[in-house]
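Note sheet for the following structure.
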DNA sequence: CGCCTATATTGACATTCTTCGATATAGCTG
DNA sequence: CAGCTATATCGAAGAATGTCAATATAGGCG
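Chains as they are written, first to last, in the numbering used here: chain R, 12 to 131; chain U, 12 to 131.
Below, the structure written as structure tokens:
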């Protein structure tokens with residue numbers, strides 16, 4: 012590492028800017044990346060899409076029929092989406108009807124937009 | 012699976028809607044989740060933030076100094092971001108100056124928004 | 001050329017993710 | 001209750017990801 016004083020204005024004897032720091036703190040970055048990680052799976056995106064389309068009327072076997080994975084896998088992804096607060100379900104008799112939690116998705120959308128705007 | 016006719020209007024002897032299909036096709040979902048997967052890492056989010064802040068003036072050792080990971084890890088994340096088309100770099104002498112590719116990020120933002128709006 | 005420095009790549013290792021068969025749970029129906 | 005069905009959970013196995021030490025590459029300087 013090249014020697015340089017923090018107070019100096021010199022653009023560099025070498026390269027490095029005087030201790031550059033991210034505006035996003037690690038905790039925020041972590042929280043956001045967790046949510047992005049939930050979205051970052053094709054099956055989960057398709058589940059969200061299906062749920063949004065047929066709000067409150069989609070049971071697990073519908074999803075299983077519409078997606079190229081088996082039932083335990085569908086349940087697994089539903090659990091992740093639920094743990095992330097993006098969806099929820101209501102049991103009616105034998106069936107579990109899943110639906111998107113619009114306010115949560117709206118909040119995530121807002122958070123994402125804010126992040127993108129910060130990259131402006 | 013419960014027997015049912017596609018043409019019937021009956022809300023179900025059981026649960027399932029007549030063959031529900033995602034509006035997002037698998038290819039689109041896959042492409043989008045790939046990009047989301049790139050964003051879904053705290054270090055990468057912070058890198059994007061740092062690059063956006065100091066456009067065109069950030070070399071790898073700056074990033075290494077600002078982030079809690081070692082140089083090979085920084086290079087690794089830079090490579091992923093670059094492969095995803097989100098950033099690029101210019102070599103000047105010994106140093107590699109990285110910068111965000113604003114048009115690509117803008118396109119991603121648009122794509123993401125469209126997706127969120129589809130969940131409307 | 002020989003040395004030094006910034007960055008990239010390689011290889012190994014640990015961790016996490018994804019999937020699915022098998023099984024458990026829960027609620028209906030007879 | 002017995003049997004059936006929808007969903008959840010468990011456990012195992014493979015794939016993908018993240019990290020870093022070690023090493024390679026490449027460009028500057030004396």
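Cβ atoms here follow ideal geometry from the backbone N, Cα and C, with glycine treated the same way. Values in this document were obtained by computation on a predicted structure and should not be read as measured data.
Would residue 113(U) be called buried (16 or more neighbouring beta carbons within 10 Å of its own) or exposed? exposed
Is residue 96(U) near the ligand NAP, judged by its Cβ being under 7 Å from some heavy atom? Judged by which ligands are present, the structure shown has none, so any question about the ligand NAP falls away.
Could you tell me the distance, in whole angstroms, from the CA atom of residue 84(R) to the CA atom of residue 72(R)? 12 Å
Quick one: list the residues of chain U neighbouring residue 111(R), beta-carbon separation under 9 Å, in chain order. 130
Nearest-angstrom Cβ-Cβ length linking residue 50(R) and residue 56(R), presumed shorter than 8 Å: 7 Å
Under a three-way DSSP split, which group does residue 27(R) fall into? coil
Which bits of chain U does residue 30(R) rub up against, with CB to CB less than 8 Å? 76, 77
Residues of its chain near residue 18(U), where Cβ-Cβ distance is below 8 Å and the 5 sequence neighbours each way are ignored: Per-residue confidence for residue 18(U) stands at a pLDDT of 30, beneath the threshold of 50, marking its modelled position as unreliable; no derived number is given.
Members of the region 50 to 63 of chain U near chain R, C-beta cut-off 9 Å: 50, 51, 52, 53, 54, 55, 56, 57, 58, 59, 60, 61, 62, 63
Determine whether the Cβ of residue 17(R) lies closer than 8 Å to any Cβ atom of chain U. Caution applies to residue 17(R), whose pLDDT of 32 falls short of 50 and renders its modelled position unreliable; the model cannot decide the point.
Sequence-distant residues of the same chain with beta carbon closer than 6 Å to residue 129(U), five excluded per side: none
Any beta carbon from chain U within less than 8 Å of residue 67(R)'s own beta carbon? no
Can you find the residues in the same chain that come closer than 7 Å, C-beta to C-beta, to residue 108(R), ignoring five residues on each side of it along the sequence? 67, 68, 69, 70, 100, 101
Do you know offhand how far residue 106(U)'s Cα is from residue 124(U)'s? 36 Å
Here's the rule: buried if 16 or more other CB atoms are within 10 angstroms of the residue's CB, otherwise exposed. What is residue 80(R)? exposed
8 Å Cβ cutoff, residue 89(R) in contact with chain U: no
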